[in-house]
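Structure first, then comments.
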Amino acid sequence: MDNIIYILFVSISVPILLMTILVEKRARLPLAFMLVGIVSSVFVSEVNGLLRTALDMDIYRITVVVTPMTEELVKALPILYYAVVISDKREKLFTASMATGIGFAVLENAFYLINYSESFSVTTAIIRAFGAGLMHGMCTLLVGVGISFVKKRKKLFAVGTFGLLSTAIVYHGIYNILIQSPYHMVGACLPVATYIPFFVWRLWVKYKQTKASQNKS
Amino acid sequence: MENTELLYTWIAGLIAFAANLISFIYGLVHFFKKGKPLCMQSLTLAMGSHALGSVYHVCQALTGELTVEGFTPAYLGRIGFFLFIIAGSYGQLDRIVDDRSPAMRRARILALAAPLCAILLYLPNLRAGSALSTEITYALVWIPALFAVYFNLKHALIPDLDFGFIKAIRPYNIMTLCLGLSELLCLTAWEYMEVHFLFVSTVLFGALSIATMIAAKKGVDKWTI
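Residue numbers (the working numbering), protein chains in the order written: chain Y, 1 to 217; chain H, 218 to 442.
As structure tokens, then:
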């Protein structure tokens, strides 16, 4: 079962790809970026495997130092490319980045489920879904939303991009530290705790937009 | 690592985090408005970046898995801290305050004392006998720090010929210079795992980060451009 990640990749991505071709143009963006996330996950698994052999580190150090960097960089690259070359509209970047993170998490969770199926229960599945699943989404979302701000401030663009990537990496690292510690429940709640402010902010922005359009009409 | 060391590093990290968080929120409230200078927004982001690095160390110390040797994501927060300061000092201020005229030459030359001082602070780290990976990691933090302290001292020394705002933001530049150097001191203390020195330098860093934000606010209020 060495190539299980590829089996999962084919079985999950092909149906999504076929659906992406058929659906309306508006729905294509999140689906396409979910596929990007899934591809990133496969790519990162190979990179992490190579680094683990090359760096000769124990699994704890790999998960708190190396994987946050490789995973966040690989997830962020398509978003940065999209923001710089195609569109820096906040709405689109919001959707694209969250979809990339979630796509990444879908494959990663499926991989964990198969590899550690004997130790998995509904509770661990819920923790994994709200923890690692949401964490990947939040990290990429942070880069996507942040890039829409720094792109408009030319002088801050390079440093700002670095800052966003470091924020995502440190956030991921903190999650990995906590989830493997006696404070694992704090770690599991961390992504939800950051998701709620984002959710409230989105509601607030939509409320303001609706109010503005009502005032206009 | 011993429990006392872990406790001290945990408290030190917590102090740095709390001070950075206060500074970051202060900056968000005062500098993220229309018409406020970009360099102060950059300074605010520098505080946020350092806060993230500190919280990573706090979590590591809390779980008892503190890694002193080699690279950790916490250093990204520190590198980002200096890069954001450079973005503000070089990216925005330098173009305005230095017109490349001979009158500024003295300040430009004297300002080299700051990176020299930073290099002197790096030397004890080479004698600490740490792993090469740690030395490289420290060098990655020190390189942007050299530029950051250079521009801070330069802007503190530069004569105020036309505008009047150079004088207004002089305390901010002096404070940022001290802040940068105190951060380098913290790193040296960290490398030697000298807990009392680490504790004192972190308290100094925390106090300076809040003082820098206050000096920046006062400077911006006087800024007439």
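Note that CB positions come from ideal geometry on N, CA and C, so glycine has one too.
DSSP places S166/Y in the helix class (H, G or I) of the three-state scheme.
Counting only runs of at least 4 residues, the region 229 to 282 of chain H fully encloses the following alpha helix (DSSP H) elements, listed from N- to C-terminal order: 255 to 279.
At a cut-off of 8 Å between beta-carbon atoms, Y273/H makes contact with chain Y. F120/Y is outside the set of residues whose beta carbon lies under 8 Å from a beta carbon in chain H. If you check the CB distance, R90/Y and V44/Y do not come in under 8 Å. Straight across, the Cα-Cα distance linking E222/H with V412/H is about 6 Å. Using beta-carbon distances, T261/H does not count as an interface residue toward chain Y, since no partner is under 8 Å. The residues G287, in chain order, have a CB closer than 6 Å to that of S350/H in the same chain once the five nearest residues on each side in sequence are set aside.
Within chain H, the residues placing a beta-carbon under 9 Å from that of P68/Y are P290, ordered along the chain.
For G103/Y, the enclosing alpha helix (DSSP H) stretches over residues 90 to 115.
Between the region 260 to 273 of chain H and the region 196 to 206 of chain Y, the count of C-beta pairs closer than 8 Å stays below three; the two stretches do not touch. By the Cβ criterion, the region 178 to 196 of chain Y is not in contact with the region 80 to 99 of chain Y, since fewer than three pairs of Cβ atoms, one from each stretch, lie closer than 8 Å. Against chain Y, a Cβ distance below 7 Å from G294/H picks out S166, V170. In this structure, I169/Y and M69/Y form a Cβ contact; the two beta carbons are roughly 5 Å apart against a cut-off of 8 Å. Here the alpha carbons of N3/Y and G230/H stand approximately 43 Å from one another. Taking the CA atoms as reference points, T100/Y sits about 29 Å from Q258/H. The beta carbon of A229/H does not come within 8 Å of any beta carbon belonging to chain Y, so the residue lies off that interface.
Looking only at S97/Y, M98/Y, A132/Y, T123/Y, the smallest Cα-Cα distance to F111/Y is reached by A132/Y.
If the five residues before and after F241/H are omitted, its C-beta is found closer than 7 Å to the C-beta atoms of T261, M264, G265, A268, all from its own chain and listed in chain order. Chain-ordered listing is empty here: chain H has no CB closer than 9 Å to the CB of L80/Y, the nearest sitting near 16 Å. Residue contact check for T226/H against chain Y: no CB pair falls below 8 Å.
A straight line joining the alpha-carbon of V272/H with that of F234/H spans about 6 Å.
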